[in-house]
Amino acid sequence: MPIPEDVSGYELDKDVQQELQSLPKGLAEDVAKNLVMVARLIDEDPEGAYGYAKVALRLASRVAAVREAAGFAAYASQNYSEALAEFRAARRMTGHAELWPVMADCERGLGRPEKALDMAGAPEVQKLDKAGQVEMRLVAAGARRDMDQLDAAIVTLQSPELASNSVQPWTARLRYAYADALLAAGREDEAREWFAKAVESDKDGTTDASDRLAELDGVEFVDAFDEDDDSDGADDKGADEK
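Numbered by numbering that gives the first Met the number 0, the letters in the sequence shown go through residues 0 to 241 in order.
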């Protein structure tokens with residue numbers, strides 16, 4: 000697959016670059032460039048990212064960072080079986096537990112929420128940092144909702160992290176998930192409160208909490224271009240009448 004001229008491979012994190020040093024120099028450079036393309040495309044073109052990930056995988060399947068990148072690209076393109084296989088391989092290579100929540104979410108994607116819940120109660124969760132534990136809680140709540148256990152999903156999300164007034168990287172997503180679960184359970188007033196709290200903590204716009212809140216408040220957004228078109232039409236009509 001083509002690599003743009005502005006991609007050098009040195010855009011990667013130093014930890015990943017260090018992993019690639021186990022490869023011959025030319026091969027390491029090729030793999031690095033493909034990994035940069037994975038990172039560049041994964042949000043807007045996950046299928047394209049997955050294509051570059053498969054090239055990197057073909058070149059260096061014994062590098063954990065490559066397996067992990069392939070896993071995330073497959074996950075983003077909803078190829079959950081492939082993603083789970085790559086995450087498992089990366090975990091075997093490193094022995095680390097940080098991929099545990101996304102592995103559990105792959106089980107959800109494969110229609111196995113019960114397996115995701117089993118993973119949420121596994122000893123590996125205790126090895127996660129705070130961000131990882133919150134992510135695992137979100138996955139577990141999602142699995143409960145997959146099984147139509149709304150009340151259990153709500154209880155799963157109730158935690159010290161949810162109640163805390165401090166804003167952390169996970170705060171907006173946690174509050175949003177809680178609001179969404181409350182709304183699904185018909186608890187609209189509480190849902191509105193928590194969507195508002197999600198908006199307060201979502202400085203980067205990672206969720207659509209503001210849109211959800213406006214929807215609950217009955218606010219309708221009108222496209223300015225549509226208004227201009229309507230105005231032009233009215234002006235034309237007036238001119239015709241003259």
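In this text, a Cβ means the ideal position worked out from N, Cα and C, and glycines have one as well. In this text the structure is predicted, and so the values were computed from the model without any measurement.
Top-ranked residue by Cα proximity to residue i, from the options
i      : options                        : result
Ala88  : Asn78, Tyr51, Val62            : Val62
Ala190 : Gln125, Met118, Asp216         : Asp216
Lys53  : Gly70, Asp42, Ser158, Glu43    : Gly70
Ala171 : Phe194, Val154, Gly108, Ala152 : Phe194
Trp169 : Asp147, Arg186, Met146, Val198 : Val198
Lys202 : Glu187, Val166, Arg39          : Val166
Ala162 : Met146, Gln17, Glu192, Asp147  : Glu192
Arg39  : Gln16, Ile2, Ser200            : Ile2
Other residues of its chain near residue i: CB distance less than 6 Å, five sequence neighbours each side excluded
i      : result
Ala27  : Leu19
Ala152 : Ala140, Arg143, Arg144, Ala180
Assigned exposure category for residue i - 16 Cβ within 10 Å defines buried
i      : result
Pro45  : buried
Asn78  : buried
Arg66  : buried
Asp14  : exposed
Met0   : exposed
Pro100 : buried
Arg107 : buried
Glu43  : exposed
Asp12  : exposed
Asp29  : buried
Ala68  : buried
Ala208 : buried
Gly25  : exposed
Gly204 : exposed
Gly237 : Note on Gly237: pLDDT 47, under 50, position unreliable in the model; the coordinate value appears next. Exposed: under 16 other Cβ atoms inside 10 Å.
Ser200 : buried
Under 8 Å between C-beta atoms of residue i and residue j
i      : j      : result
Tyr177 : Thr206 : no
Tyr51  : Ala73  : no
Leu149 : Ala184 : yes
Val138 : Asp104 : yes
Leu156 : Leu182 : no
Leu22  : Ala59  : yes
Other residues of its chain near residue i: CB distance less than 7 Å, five sequence neighbours each side excluded
i      : result
Glu6   : It is Val, not Glu, that sits at residue 6 in the sequence shown. Excluding residues within five positions, the ones whose Cβ falls inside 7 Å are Lys32, Val35, Met36.
Ser158 : Arg136
Glu123 : Ala96, Trp99
Leu116 : Ala139, Ala142
Neighbourhood of residue i by C-beta distance below 8 Å, restricted to the same chain and skipping five residues each side
i      : result
Glu97  : Leu127, Asp128, Gly131
Ile41  : Ala48, Phe71, Ala72, Ala75
Met102 : Leu83, Phe86, Arg87, Arg90, Met118
Thr93  : Ala63
Ala121 : Trp99
Within-8 Å CB hit, residue i to chain C
i      : result
Arg211 : Among the chains in the structure shown there is no chain C, since it carries only a single protein chain.
- Query: Are three or more beta carbon pairs between the region 106 to 114 and the region 123 to 137 nearer than 8 Å?
  - Reply: Taking 8 Å as the limit for Cβ pairs, the verdict is that the region 123 to 137 does not touch the region 106 to 114.
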